[in-house]
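In short: position in the sequence shown from 1, add 130, done, that's the numbering used here.
Beta carbons: idealized from backbone N, C-alpha and C, even for Gly.
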Amino acid sequence: MWFDKYDIQSKNEGLDQDIPFDFFTKPCTEEEFEFYKKYNDDSKTHKDFKIPDDLKLPNEYIELLRYSNGGAIINKDREFGFFDINTIREFYINYGFLVNAPNILPIAFNGGGTFYGYKFSGNDKKPIICGVHASCIGFEEDTCFLGNTLDEVLNKTYDIDDDIYEYQVKNGTIKIPTLSKEEKEKTELLQQLDTLKKDKSLGKIHLKEFLKRKRELEERLNRLE
131 MWFDKYDIQS
141 KNEGLDQDIP
151 FDFFTKPCTE
161 EEFEFYKKYN
171 DDSKTHKDFK
181 IPDDLKLPNE
191 YIELLRYSNG
201 GAIINKDREF
211 GFFDINTIRE
221 FYINYGFLVN
231 APNILPIAFN
241 GGGTFYGYKF
251 SGNDKKPIIC
261 GVHASCIGFE
271 EDTCFLGNTL
281 DEVLNKTYDI
291 DDDIYEYQVK
301 NGTIKIPTLS
311 KEEKEKTELL
321 QQLDTLKKDK
331 SLGKIHLKEF
341 LKRKRELEER
351 LNRLE
């Protein structure tokens, strides 16, 4: 299996039954919609929202559920707390994907409030995997492409929030202030000073050399004040 090389934590019993073909696409019931209504000021009802017909789990995720119906894969800083079959539909409705991003099926959390999800584009095309924070569901400019397969996504070792931040900066959702020449120089000097102190604590530099370079950096910082 594609996930054999990963360490699966919080393992559960594997899914031992077939998933009904309309498990995700069947209409949302009034009872299912109650949680969303409770926390959102919306006059619409469950009848106002239609679930797209193409929402279904790819084989790669079904294989994972058959091994463990919910659990976690952690590859250094990349956390993938994947949902069991019932939680997927529950979170799809409760977190407002049905209302704000009906073409995204949430499948996992990163441990920090960010969803992994399958994003469907219709026409029976294979869904891509995207990342979106729970507070940004429905905002296309905050929904970041992560990869085409779970193996591709989980093989990386850094937090998906880094991908999303870079994507938001690139498309202008997050504005990075422009620093003056003096501010840039000051920032670089502070970073050098911090690195120097860390090297000293790790015994990578002799005391005499440490004091000399520290004094030089502090003098340059003082001239910028």
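Beta-carbon proximity check, residue i vs residue j, cutoff 8 Å
{"i": "ASN233", "j": "ILE215", "result": "no"}
{"i": "LEU347", "j": "LEU319", "result": "yes"}
{"i": "GLU190", "j": "LEU323", "result": "no"}
{"i": "LYS316", "j": "LEU351", "result": "yes"}
{"i": "PHE221", "j": "PHE213", "result": "yes"}
{"i": "LEU235", "j": "PHE153", "result": "no"}
{"i": "THR325", "j": "ILE294", "result": "no"}
{"i": "THR303", "j": "GLU271", "result": "yes"}
Proximal residues to residue i (C-beta, below 8 Å), its chain only, five neighbours per side dropped
{"i": "ILE223", "result": "CYS158, GLU162, PHE163, PHE165, TYR166"}
{"i": "ASP289", "result": "ASP207, ARG208, GLU209, ASN240, GLY242"}
{"i": "ASP254", "result": "ASP184"}
{"i": "ASP146", "result": "ARG196"}
{"i": "LEU354", "result": "GLU312, GLU315, LYS316, LEU319"}
Residue i, DSSP secondary structure in three states
{"i": "GLU244", "result": "Per the sequence shown, residue 244 should be read as Thr rather than Glu. Of the three classes helix, strand and coil, the one that applies to THR244 here is strand, per DSSP."}
{"i": "ASN199", "result": "coil"}
{"i": "ASN170", "result": "coil"}
{"i": "HIS176", "result": "helix"}
{"i": "ALA231", "result": "coil"}
{"i": "GLN322", "result": "helix"}
{"i": "PHE133", "result": "coil"}
{"i": "GLN139", "result": "strand"}
{"i": "ASN253", "result": "coil"}
{"i": "ASN205", "result": "strand"}
{"i": "ILE267", "result": "coil"}
{"i": "ILE223", "result": "helix"}
{"i": "PHE239", "result": "strand"}
{"i": "LEU280", "result": "helix"}
{"i": "PHE210", "result": "strand"}
{"i": "ILE335", "result": "coil"}
{"i": "PHE275", "result": "strand"}
{"i": "ILE149", "result": "coil"}
{"i": "ILE192", "result": "helix"}
{"i": "ILE259", "result": "strand"}
{"i": "LYS330", "result": "helix"}
{"i": "GLU161", "result": "helix"}
{"i": "LYS156", "result": "coil"}
{"i": "GLN187", "result": "Sequence check: residue 187 is Leu here, not Gln. Of the three classes helix, strand and coil, the one that applies to LEU187 here is coil, per DSSP."}
{"i": "THR287", "result": "coil"}
{"i": "THR317", "result": "helix"}
{"i": "THR303", "result": "coil"}
8 Å contact criterion, which residue i and residue j should meet: CB distance rounded
{"i": "ILE218", "j": "ILE237", "result": "6 Å"}
{"i": "ASP184", "j": "PHE250", "result": "5 Å"}
{"i": "CYS274", "j": "TYR248", "result": "The Cβ separation is near 14 Å, so there is no contact."}
{"i": "ILE104", "j": "ASN278", "result": "Missing from the structure shown is residue 104; the chain here goes from 131 to 355 and no further."}
{"i": "PRO188", "j": "LYS300", "result": "Their Cβ separation, rounded to whole angstroms, is 27 Å, which puts PRO188 and LYS300 out of contact at 8 Å."}
{"i": "GLY261", "j": "LEU276", "result": "5 Å"}
Any C-beta of chain D under 8 Å from that of residue i
{"i": "LYS338", "result": "Absent from the structure: chain D. Only one protein chain is present."}
Residues near residue i by beta carbon distance below 7 Å, same chain, minus five either side
{"i": "LEU171", "result": "It should be noted that the sequence gives Asp, not Leu, for residue 171. For ASP171, where only same-chain residues beyond five positions count, there are no Cβ hits under 7 Å."}
{"i": "GLU143", "result": "ASN199"}
Contacts around residue i, its chain only, beta-carbon distance under 6 Å, and the 5 residues preceding and following it disregarded
{"i": "ILE335", "result": "ASP329"}
{"i": "GLY268", "result": "ASN230, ALA231"}
Touching by the beta-carbon criterion (3+ pairs, under 8 Å), the region 192 to 208 and the region 135 to 147:
Contact between the region 192 to 208 and the region 135 to 147 is established, with three or more Cβ pairs separated by less than 8 Å.
task = Could you say if the region 175 to 190 and the region 213 to 232 meet the contact criterion of at least three C-beta pairs nearer than 8 Å?
result = yes
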